[in-house]
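Engineer:
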Amino acid sequence: MNIDIICVGKIKEKYFKAAIEEYSVRLSSFVKLNITEVADEKIPNNASEKVCEQIKQTEGKRILSKLSDGYTVALCVEGRQYSSEEIASLLEKTPLTSSRITFIIGGSLGLSDEVKNAANLRLSFGRITLPHRLMRVVLLEQIYRGYTINNNQSYHK
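Counting from 19, one number per residue, gives the positions in the sequence shown under the numbering used here.
#1: Let me confirm a value: residue 130 is counted as buried when at least 16 other C-beta atoms fall within 10 Å, else exposed. Which label applies?
#2: What are the residues that DSSP puts in a beta bridge with residue 92?
#3: Report back the beta-carbon spacing between residue 38 and residue 24 to the nearest angstrom; my notes put them in contact at under 8 Å.
#4: Buried or exposed, going by whether 16 or more other CB atoms sit within 10 Å of the CB of residue 160?
#5: Using the C-alpha atoms, what's the distance from residue 86 back to residue 50?
#6: On the criterion of 16 or more Cβ atoms from any shown chain inside 10 Å, does residue 43 qualify as buried, or is it exposed?
#7: Could you give the first and the last residue of the continuous alpha helix (DSSP H) run that contains residue 110?
#8: Per the DSSP calculation, residue 99 is bridged to which residue(s)?
#9: Assuming residue 168 contacts residue 104 under a Cβ cut-off of 8 Å, what Cβ separation, rounded to an integer in Å, is found between them?
#10: Return the bridge partner residues of residue 25 from the DSSP annotation.
#11: Excluding the 5 residues preceding and the 5 following residue 54 in the sequence, name in chain order all residues of the same chain whose CB lies nearer than 6 Å to its CB.
#12: In whole angstroms, give me the CA-to-CA distance for residue 123 and residue 93.
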């Protein structure tokens, strides 16, 4: 199984990089993981709604240019909330129809409608707002948790 994560922006903080590396190593025994970063746009102070929409469009085009075949999951606040067990089920069932699952994490303004519409599933991790850098860590942890659930390992308690 191939898991791709397409995300907006680079990780600068060492502690986020360390957590991402840790979960990447853990996941390597289950899947082939590929993380693709696309450039984020600078958001001017007091940016108008129109400017923010243009920024999402620009970032969205970059995301869509990296999207390949397979099952696509867009992370967005209006998406459906899944439990860890439901994420595990998604990870278990997807290989029956596709050898690749791609998760998309937008920038600080979220995802463009075009990106959301290109996805097979809109997934939410709740109504809270998380920095996209932290969301990457949370997503990797939940993917890892899903594989440990599916393989009856003791990590999930």
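The beta-carbon is built from N, C-alpha and C at its ideal position, and this holds for glycine as well.
Structural biologist: Short version:
#1: buried
#2: 122, 140
#3: With 8 Å as the limit, residue 38 and residue 24 do not qualify as a contact, their Cβ atoms being about 14 Å apart.
#4: buried
#5: 15 Å
#6: Label assigned to residue 43: exposed.
#7: 102-111
#8: 142
#9: Contact doesn't hold; Cβ gap of about 12 Å is too wide.
#10: 55, 123
#11: If we look at residue 54 and ignore the five residues flanking it on each side, its Cβ neighbours are 24, 84.
#12: Approximately 6 Å, taken between the alpha carbons.
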